[in-house]
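*Asks:* Sending over a structure as structure tokens; questions will come in a sec.
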Amino acid sequence: MNNTTLQVKGMSCQHCVNSIEGALKEIGASGKVDLKNNTVDVTYDNQLTIERIKEAIEEQGYDVL
Ligand SMILES: [Cu+2]
1 MNNTTLQVKG MSCQHCVNSI EGALKEIGAS GKVDLKNNTV DVTYDNQLTI ERIKEAIEEQ
61 GYDVL
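Residue numbers (the UniProt record's numbering): 1 to 65.
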């Protein structure tokens, strides 16, 4: 398993948390949003790439820094 923490811009409430964590789950990753630090902690296996993960978050309307 790979683990990475991404800085994500635009997350503000529980809706954002659900959108992002849901989108990550959909592609087979597991994400944990930290609203206070504007980060998403992502765990994923080698079937996925960091590019795919960023894309899934950006598709929800957030900017990955
Ligand atoms: Cu929100």
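Where is the CB? At the ideal position from N, CA and C, for every residue including glycine.
Do you know offhand how far Ser12's Cα is from Leu35's?
*Replies:* To locate residue 12, count along the sequence shown from 1; it is residue 12. To locate residue 35, count along the sequence shown from 1; it is residue 35. Cα-Cα distance, rounded: 7 Å.
*Asks:* Leu24 by DSSP, collapsed to three states: which one?
*Replies:* Taking the first residue of the sequence shown as position 1, residue 24 is located at position 24. Helix.
*Asks:* Around the Cβ of Gly61, are there at least 16 other Cβ atoms within 10 angstroms (buried) or fewer (exposed)?
*Replies:* Here residue 61 refers to the residue found at position 61 when the sequence shown is read from its first residue. It counts as exposed.
*Asks:* Looking only at its chain, what residues have a beta carbon closer than 6 Å to the beta carbon of Ala42, apart from the 5 residues adjacent to it on each side?
*Replies:* In the sequence shown, counting from the first residue as 1, residue 42 sits at position 42. Checking the sequence shown, residue 42 turns out to be Val, not Ala. Thr4, Ala29, Gly31 and Ile53.
*Asks:* Enumerate in chain order the residues of its own chain whose CB-to-CB distance from Gln47 is below 7 Å, with the five nearest sequence positions on each side excluded.
*Replies:* Taking the first residue of the sequence shown as 1, we reach residue 47 at position 47. Result list for Gln47: Gly28, in chain order.
*Asks:* Express the C-alpha separation of Met1 and Leu65 in angstroms, rounding to a whole number.
*Replies:* Against the sequence shown, residue 65 aligns to sequence position 65. Against the sequence shown, residue 1 aligns to sequence position 1. Taking the straight line joining both Cα atoms gives about 22 Å.
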